[in-house]
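A.B. asks: Handing you a structure now.
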Amino acid sequence: MKKLLTMLLTIAMLAALAVPAMAEEPVSIEMWTLFTGDDGTTMQAIVDAYNASQDRVTLTHVAVDRENLYTKLALAMSDEAALPEVFVTYSYDVPNFVGLGYIQPVEDLLAAYPDFDFAIDKYHDACATLNYYDGTRYCVSLDFPTWGMYVNTALAEQYCPEVLEDNSVTWDEIMAVGASLQEQGVEDVSVMAGSWDRNDLLNSYLDLAGTYASEDGTTLELNKDAVVEALNTWKTAFDAGYLWEEGEDPMSMFALEECIFVTGGTWNMNAINEYGFDFTFIAPPQFSADDTPTLFGASHAFMLPTRSYTEDESYAVASFMHYFYEHSIDWAQAGSIVASKATAESEEYQAMPQAFVAENYSISNPNFTYSQILFDVLDGLDWEAVYGRMTPEEYADAWQTQAQERINAQ
Amino acid sequence: MKAKLAAHRPLRPYARWIPLAFLAPHLLVFCCFNIFPILTGIFASLTKWTLGEMPQWVGLANYANLLTNPESIYYWQLRWGLLNTVKFVVFCVPFRILVPLAFALVLSSKCRGHKVLQACYYLPSLLSLSVVMVSWLYMFDSNAGIVNTLLGLGKFRWTTTEPYNWIALIFITVWWGCGGNLIIYQSAIAGVSQEILEATSVDGANAFQRCIHITLPSIKFPLQYTIITSVIAEFGIWGQPDMFNGGGPTLEVVNGVNHQSNKMLMQYIAESGFGSSGVNAGVASSMALILGLIIFAVSMLQFRAMRRGND
Amino acid sequence: MTGMKARRRTPLESLKRNWRSWLLSLALFVIAAIWLCPMFFSFFASFKTNVEMKRYPKYRNIVPLEWTLENYEFTWNNAAAPFMNMVLNSFIVSVTTVVLVLVIASMSAYAYERLEFRGKEKLFWALFGLSMIPGVVSLVPQYYLYDALGWTNELICLITPYLGNVFYIFLLRNFMHGIPKDLDESARIDGANDFVIYSRIVIPCMVPAMMVVALFSFTGSWNDLMWPSLAITSPNKLTLTSGIRLINDSYGGRYERILAACMLTMIPTVLLFLIARKYFLQGLQLSAAVKG
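Chain order of the listed sequences is A, B and C.
Going by my numbering, the first sequence opens with residue 1, and the numbers climb by one from there.
Going by my numbering, the second sequence opens with residue 1001, and the numbers climb by one from there.
Going by my numbering, the third sequence opens with residue 2001, and the numbers climb by one from there.
Rendered as structure tokens:
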């Protein structure tokens, strides 16, 4: 009798607990991103606003520094409990992550919430290639961190007004401006400073060669001639004294108005805003004036780790991605070229410097499984060929050899 | 040695479990938390492992590649990395011992403000790597660095001019690590009997003689300790060159590998064992194990030599 | 010290002494000023704006033209991790590590130095040798170990890897070697067992060395970066150094902010050093007394 009573009581209690729980169970999900510093603060503000707009969902934003994110993902893959519900890295990681089994397609999730409408044509045109791998959609873009060039408007008007008429700068123009500055005896202003060897050289290389991988994106096919030509171009300008001096900080030069152009990423825009003079953001120097410049740019994108999701969790992920789409203008304040077409068409966005780039140039990066390896090797090689401590040929060989052996080890 | 031990043998023998009781806490934590990662590291050196996937057994292939295959980039990385590391140890360790020792000896004279001075000399050791390197990068900046301004060197490039990049790196390392050895020496010197020092002072020995004949022999053991640990620590050098100049200027290119002036083995290990791409933890572990063996051999040699000196 | 005071100096002698000692101090203070130059620079730089940092190559002003607290505010309000929480975590981790390291290492050192047992040196050198392998390659295995234990994202995983440190044993052992054994032996004759000798006789003589170990393990644990960044993901469990790593922008360059964060991080270690120094000096006299 007593036993029965206890059992009944227990059941009643459990039922009492379960009923309200089923109705409005809170959902909490975690998102890892590589947004630290200012970007982290901006993302946190968007997440906070999102959480305030939801009555059930709580999203925790976990910022992980870029170098650690890859290791953390690799480690967490062995233990589902350690994995976040969604994470943000670069779109060029997709082929590698798919191969390793880290991520799953986003299509099922997106299809499950037609109200949010994640149709690809609502996103920036570049998404049609960058978000897909082997015909399957694997990520949802936030924005496009792209490489470009900042122009000091006042200096450009003073020294080379004609160059900017067509909104693009060629290497020939760079050389011509450099020569004319030297003719005029202008010593405290250089033409251009390159702020990151890796992106500067990649951009020049891609301008010449188009890609560094085989068509299916699995094998490395560096065009040695293009590497040498790109390096020689930089080196010629450098040796002529048109660029910076070794040891000078390019961004400092720009801040001090000691150069007309400085290459930089969209992510530098916030800082450059503080320098207190007018600037524009255009494509880096091109080898030919004919075609529309293609900017070397990746995309920050939401990805879903390979794990199981409850109904609530996938709803929460989809609803945040939708919220971000709708509120991308907050993200654009930091200089980003946003993926959301709805935001891109707004007047507020059109007034921002990056809108020009988004409209006039195409953004892409080659489809290659081991892009990251290629970038890291290039990072290690620095400007050595431009500074004359390696020949361009040696540099090209070193890039090829080191990247290839690291790829073979994968 | 034997005779000495016998003289010190305890008068009343203790139970056999007593040493074990004293050792137990350390052995326990070491076995639980340190042995497994170390053994896995050794195991990893016999595999091909990219972290993302399970390790695959390859036997001694990594070692063979590292030691005998000049076609491989890792072969050159090991050679040059090791060469640079050894060079760094040889040139840096004497300063890591002598500079703090000089400070400690001078401060032991209890000169005016010795407490403040001790704090000043120790302070850099409390800093973390990033602040040390950011500070010194500004100091050694070729364009506007204080070092160039003070020495009137114009736009001298410390980061890319051999051998000045080494001088700068050694200076930074000594500056950062000085406090640790300083404090060991200070505490040891303070333990030297004041009476003996004073007695010799009355006998007419000057400060230098007192230092050589009394202070230094009395702090022999701490001195030996710091020599061994400084050598071990400098074999693991990594953060300073990495942030200072990423390994320094290229000296030559062999088989597609650029030989950088001051790139250390640990930088190569970290690069291939860890990081955003191209992880090759098997090779990294092999390199680390080779480095570990060398460090151990060097420590043992030092220890042997010192023991012989002590007897 | 007392001996010196007992001997009277002639006025000339003391003048000469004074003059020399002043000169020595002056020289030492000049060296100290040069020594601390980078720290002054960094201290001032942490109050500069980003623009002023970038314009440094031209204006070369060490003291900010325009003082700003923005860098400190950014650290304090860092969205990635609550600052006070990080301070608290760092304290818990570092203090626990220090206490445990002191107990564990000093007990082991006592066994290796004062007791005899079979295979003593072999054991010591085996442990020492195993510790020689650079730690960077055992980070990943270490992660899997703590993951299996369910301790990742828990503060305990930042403490336990450092308790087995063999170097501290080595240091204490070396110091203990310099302490005469007469005292232990007379205590042993009086019937004291090893635990009494260890805690009442050897440890008090070892205070300076123990303070050195305490200081080393505290700064080591406090400034540790690689392992905490890997093991801890949850923002609430981040420690200071791994948390302030998230201050810099993804593509770096905000040195003024890093410096501000580091200045804040440094305060506790500097305080600890200043406090520890007092005990340190007391301890020194004790050990000197034992020897004399």
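We put the CB at the ideal spot given by N, CA and C, even for glycine.
#1: Give a yes or no on whether the minimum CB-CB distance between Arg1012/B and chain C is below 8 Å.
#2: Mark Met22/A as exposed unless 16 or more other C-beta atoms lie within 10 angstroms of its C-beta, in which case mark it buried.
#3: To the nearest angstrom, how far is it from the Cα of Ala1207/B to the Cα of Ser1108/B?
#4: Rounded to whole angstroms, what's the CA-CA distance from Arg2173/C to Ala2209/C? Just pull it up for me.
#5: Provide the residue span of the beta strand (DSSP E) that contains Asp1141/B, from first to last.
#6: Measuring CA to CA, which of Asn152/A, Gly241/A, Tyr361/A and Thr306/A is closest to Ala74/A?
#7: Tell me, please, which residues DSSP counts as bridged to Phe144/A.
#8: Quick check: the region 274-286 of chain A against the region 352-370 of chain A, are at least 3 beta-carbon pairs closer than 8 Å?
#9: Contact criterion: CB-CB distance below 8 Å. Does Arg2060/C meet it with respect to chain A?
#10: So, helix, strand or coil for Ile1294/B, using DSSP?
#11: Which stretch, first to last residue, makes up the alpha helix (DSSP H) that contains Gly1273/B?
#12: Starting from Asn2089/C, trace the alpha helix (DSSP H) in both directions and tell me its first and last residue.
#13: Output needed in chain order: residues of the region 2240-2253 of chain C with a Cβ under 8 Å from some Cβ in chain A.
#14: What span of residues does the beta strand (DSSP E) with Ala63/A cover, start to end?
#15: I think Asp65/A touches Arg2188/C, with their Cβ atoms under 8 Å apart; what is that distance to the nearest whole Å?
#16: Select from Ala213/A, Leu208/A, Asp207/A and Glu257/A the residue whose C-alpha is nearest the C-alpha of Met192/A.
#17: Taking the C-alpha atoms as reference points, what is the distance between Cys1031/B and Thr2160/C?
#18: Take Val2166/C and list the residues in its own chain whose beta-carbon comes closer than 7 Å to its own, dropping the five residues that flank it on each side.
#19: For Phe2195/C, count the other beta carbons within 10 Å of its own beta carbon; 16 or more makes it buried, fewer makes it exposed. Which is it?
#20: Which stretch, first to last residue, makes up the alpha helix (DSSP H) that contains Glu311/A?
#21: At what residue ranges does the region 127-210 of chain A contain a whole run of the alpha helix (DSSP H), taking only runs of 4 or more?
#22: Taking the beta strand (DSSP E) that Val2063/C belongs to, which residues open and close that run?
#23: From which residue to which residue does the beta strand (DSSP E) around Gly264/A run?
#24: Look up Glu1252/B in the DSSP assignment and say whether it is helix, strand or coil.
#25: Residues bridged to Met31/A by DSSP?
#26: In chain B, which residues lie with their C-beta within 8 Å of the C-beta of Pro2057/C?
#27: Roughly how many angstroms separate the alpha carbons of Glu439/A and Gln1056/B, rounded to a whole number?
#28: Measuring CB to CB, does Val2085/C end up less than 8 Å from Asn2248/C?
#29: What residue does the alpha helix (DSSP H) around Gln1209/B start on, and which one ends it?
#30: With 7 Å as the C-beta to C-beta threshold (strictly closer), list the residues of the region 1259-1275 of chain B near chain A in chain order.
#31: May I have the straight-line CA-CA distance separating Glu1252/B from His1259/B, to the nearest angstrom?
#32: By the criterion of Cβ-Cβ separation under 7 Å, what are the contact partners of Ala2209/C in chain B?
#33: State buried or exposed for Ser91/A, treating a residue as buried only when at least 16 other CB atoms are found within 10 Å of its CB.
#34: Assuming Gln1260/B is part of the beta strand (DSSP E), what are its boundary residues?
#35: Going along chain A in order, which residues have a C-beta closer than 8 Å to the C-beta of Thr2152/C?
#36: Would Tyr2059/C be called buried (16 or more neighbouring beta carbons within 10 Å of its own) or exposed?
C.D. replies: In short, the structure shows the following:
#1: Here residue 1012/B is taken as the residue at index 12 of the second sequence, counted from 1. Interpretation of Arg1012/B is limited by its pLDDT of 47, a score under 50 that renders its predicted location unreliable; the figure taken from the coordinates is listed afterwards. Closer than 8 Å: yes.
#2: For the purposes of this step, residue 22/A is taken as residue 22 along the first sequence, with counting starting at 1. For Met22/A, the predicted structure reports a pLDDT of 48, less than 50, and the residue's modelled location is therefore unreliable. A value from the coordinates is still provided. Per the 10 Å Cβ criterion, exposed.
#3: Walking along the second sequence from the start, residue 1207/B turns up at place 207. Walking along the second sequence from the start, residue 1108/B turns up at place 108. Cα to Cα, Ala1207/B sits roughly 11 Å from Ser1108/B.
#4: As a first step, residue 2173/C is located in the third sequence; it is residue number 173 there, counting from the start. As a first step, residue 2209/C is located in the third sequence; it is residue number 209 there, counting from the start. Each residue's alpha carbon lies about 10 Å from the other.
#5: Here residue 1141/B is taken as the residue at index 141 of the second sequence, counted from 1. Where Asp1141/B is concerned, there is no enclosing beta strand (DSSP E), given that its DSSP letter is neither H nor E.
#6: Here residue 74/A is taken as the residue at index 74 of the first sequence, counted from 1. For the residues Asn152/A, Gly241/A, Tyr361/A and Thr306/A, the minimum Cα distance to Ala74/A belongs to Thr306/A.
#7: In the first sequence, the residue the question calls residue 144/A occupies position 144. Answer is Ile337/A, bridged to Phe144/A.
#8: yes
#9: Taking the first residue of the third sequence as position 1, residue 2060/C is located at position 60. Cβ-Cβ to chain A under 8 Å: no for Arg2060/C.
#10: If you number the second sequence from 1, residue 1294/B lands on position 294. Looking at Ile1294/B - three-state DSSP - the assignment turns out to be helix.
#11: Here residue 1273/B refers to the residue found at position 273 when the second sequence is read from its first residue. Taken as a continuous stretch (DSSP letters only), the alpha helix (DSSP H) holding Gly1273/B covers Leu1265 to Gly1273.
#12: Residue numbering aside, residue 2089/C sits at position 89 when the third sequence is read from its first letter. Residues Phe2083 to Arg2114.
#13: For the region 2240-2253 of chain C, the set of positions with a beta-carbon nearer than 8 Å to some beta-carbon of chain A reads Arg2245, Leu2246, Ile2247, Asn2248, Asp2249, Ser2250, Tyr2251 and Gly2253 in chain order.
#14: Numbered from 1 along the first sequence, position 63 holds the residue referred to as residue 63/A. Residues Val57 to Ala63.
#15: For the purposes of this step, residue 65/A is identified with residue 65 of the first sequence, where counting begins at 1. For the purposes of this step, residue 2188/C is identified with residue 188 of the third sequence, where counting begins at 1. With a Cβ gap of about 56 Å, Asp65/A and Arg2188/C do not count as contacting.
#16: Along the first sequence, one-based indexing puts residue 192/A at 192. When each option's Cα is compared against that of Met192/A, the closest is Glu257/A.
#17: To locate residue 1031/B, count along the second sequence from 1; it is residue 31. To locate residue 2160/C, count along the third sequence from 1; it is residue 160. Cys1031/B and Thr2160/C: Cα-Cα distance of roughly 11 Å.
#18: Counting from 1 along the third sequence, the entry for residue 2166/C is found at position 166. Counting only Cβ-Cβ distances below 7 Å, and skipping sequence neighbours, we find Leu2127, Phe2128 and Ser2131.
#19: Mapped onto the third sequence, residue 2195/C falls at position 195. It is exposed - the Cβ of Phe2195/C has fewer than 16 other Cβ atoms within 10 Å.
#20: The residue labelled residue 311/A in the question sits at position 311 within the first sequence. Glu311 to Glu326 is the span of the alpha helix (DSSP H), which, as asked, contains Glu311/A.
#21: DSSP runs (the alpha helix (DSSP H)) wholly in the region 127-210 of chain A: 127-130, 153-159, 171-184 and 197-209.
#22: In the third sequence, counting from the first residue as 1, residue 2063/C sits at position 63. Where Val2063/C is concerned, there is no enclosing beta strand (DSSP E), given that its DSSP letter is neither H nor E.
#23: On the first sequence, position 264 is the one that residue 264/A refers to. For Gly264/A, the enclosing beta strand (DSSP E) stretches over residues Cys259 to Gly265.
#24: Taking the first residue of the second sequence as position 1, residue 1252/B is located at position 252. Glu1252/B: strand per DSSP, three-state reduction.
#25: On the first sequence, position 31 is the one that residue 31/A refers to. DSSP output for Met31/A lists His61/A and Val86/A as bridge partner(s).
#26: Position 57 of the third sequence, counted from the start, is the residue given in the question as residue 2057/C. Residues of chain B passing the Cβ test: Asp1141, Asn1143 and Ala1144.
#27: Residue 439/A lies beyond the range of chain A shown here (1 to 410); nothing can be said about it.
#28: Here the question's residue 2085/C lines up with position 85 in the third sequence. Here the question's residue 2248/C lines up with position 248 in the third sequence. The amino acid occupying residue 2085/C in the given sequence is Asn; Val does not appear at that position. No. Outside cutoff.
#29: One-based indexing of the second sequence puts residue 1209/B at position 209. Gln1209/B -> alpha helix (DSSP H) spans Ala1207 to Arg1210.
#30: Answer in chain order: Phe1274 and Gly1275.
#31: Position 252 of the second sequence, counted from the first residue, corresponds to residue 1252/B. Position 259 of the second sequence, counted from the first residue, corresponds to residue 1259/B. Glu1252/B and His1259/B: Cα-Cα distance of roughly 5 Å.
#32: Here residue 2209/C refers to the residue found at position 209 when the third sequence is read from its first residue. Here the neighbours are Ser1187.
#33: Counting from one through the first sequence, the residue named residue 91/A turns up at place 91. It counts as buried.
#34: Taking the first residue of the second sequence as 1, we reach residue 1260/B at position 260. Segment Val1257 to Gln1260, the beta strand (DSSP E) holding Gln1260/B.
#35: Numbered from 1 along the third sequence, position 152 holds the residue referred to as residue 2152/C. The contacting residues are Ala82.
#36: By one-based count along the third sequence, residue 2059/C stands at place 59. It is exposed - the Cβ of Tyr2059/C has fewer than 16 other Cβ atoms within 10 Å.
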